[in-house]
Amino acid sequence: DIIVNAGQIWNDRDGNLTISSTIAGGIQYFIVNGTLNSTAGTLTVNAAGRLAGTGTINENIVVGNGGTVRPGTLTAVGILTGTGSANFTGAGTRTFASRVQDWTTPGANYDQLRVNALTMDATSTVSVDMAGFPTGVPTGSYTRLIRYTTGPVAGNPVPALVAVNLPADLVLANLALSWNADGTSLDLVITSPTPATLVSFSAEPQGRGALLAWLCASEYENLGFRLWRRPAGVEGAVWTRAHRGLLHGRM
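FYI, in the working numbering the residues of the sequence shown are 10 to 260.
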């Protein structure tokens, strides 16, 4: 592992620096908490390489297959700044990772990358760890995971999203990645939690009635269910209640 704390490191020999695993199954961290300078070079993050830190990188960042950029230190969130470009595109898996403990303040509540130019699309992956994220966050709240001067705009393909340690009132379907309308950031957006997220529903004859079964991936403040029915294939048929009372939810 290489750690650049307060102070500066100069990369002048050929202007290029590569981060990758040094042994089979190993992970090499390059942590920049100070400043990494280069005359005109590229910092490449290859397979099993991890770029982290809260400092400044004065060269372009290229993420190769299997590489990951995750701002902050090993133990705390933070902001990593690049004065050049960052490229997360290409074959294989290229990941930007962020710990999102709250949605409000970059560097204090979540990891953020700031670069001059960003290249990222549907071939890229964004991974968020939401351990400690509060419940009850308003719908439409967002975090600016990556800030950039030039890059993708609203409507462009977004990266694949992976999320772990979600709070009790959210599932993956309640999260979305979006290019901000102002064209300067990739945002993690909180959408409205639904009382129940349905996985499957089935019905089969049982005597003079029917046996209904359904499975939910999650329930949040769900008082219960009411089932309705109407004749199939009858235009304008009216929906009627299929049972009395309320079928109680699990949460």
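The beta carbon of each residue, even a glycine, is placed where N, CA and C say it ideally should be.
Nearest-angstrom beta carbon gap, residue j and residue i [assumed within contact, 8 Å]
i           : j           : result
residue 119 : residue 130 : Residue 119 to residue 130, Cβ: 22 Å. No contact.
residue 153 : residue 194 : 4 Å
residue 116 : residue 86  : 7 Å
residue 246 : residue 239 : 4 Å
residue 225 : residue 251 : Between residue 251 and residue 225 the Cβ distance is about 18 Å, and since that is not below 8 Å, they are no contact.
residue 169 : residue 184 : Not quite, the Cβ-Cβ distance comes to about 12 Å (not below 8 Å), so this is no contact.
residue 67  : residue 44  : 7 Å
residue 82  : residue 54  : Contact doesn't hold; Cβ gap of about 17 Å is too wide.
residue 233 : residue 192 : The Cβ separation is near 45 Å, so there is no contact.
residue 88  : residue 61  : Not quite, the Cβ-Cβ distance comes to about 12 Å (not below 8 Å), so this is no contact.
residue 109 : residue 186 : About 12 Å; that fails the 8 Å criterion.
residue 105 : residue 155 : 7 Å
residue 188 : residue 222 : About 41 Å; that fails the 8 Å criterion.
Extent of the continuous beta strand (DSSP E) run through residue i
i           : result
residue 231 : Per DSSP, residue 231 belongs to no beta strand (DSSP E) and is neither H nor E.
residue 165 : Per DSSP, residue 165 belongs to no beta strand (DSSP E) and is neither H nor E.
residue 61  : 58-62
residue 82  : It is not in any beta strand (DSSP E) - residue 82 carries neither H nor E in the DSSP assignment.
residue 154 : 151-159
residue 137 : 134-138
Per DSSP, cross-strand counterpart(s) of residue i
i           : result
residue 110 : Residue 110 pairs with nothing; no bridge assigned.
residue 209 : 224
residue 97  : According to DSSP, residue 97 bridges with nothing at all.
residue 127 : 95
residue 257 : 233
residue 214 : 219
residue 188 : 195
residue 171 : 136
residue 90  : 65, 123
residue 239 : None, per the DSSP bridge assignment.
residue 249 : 238
residue 105 : 78, 135
residue 115 : 119
Should the stretch 169-179 be regarded as contacting the stretch 147-157, the criterion being three or more beta carbon pairs within less than 8 Å?
-> Verdict: no, contact absent.
Touching or not, the stretch 214-233 and the stretch 185-199, by the rule of three or more beta carbon pairs under 8 Å?
-> Below 8 Å, too few C-beta pairs join the stretch 214-233 and the stretch 185-199 to call them touching: fewer than three.
Touching or not, the stretch 87-96 and the stretch 114-128, by the rule of three or more beta carbon pairs under 8 Å?
-> Between the stretch 87-96 and the stretch 114-128 there are three or more C-beta pairs closer than 8 Å, enough to call the two in contact.
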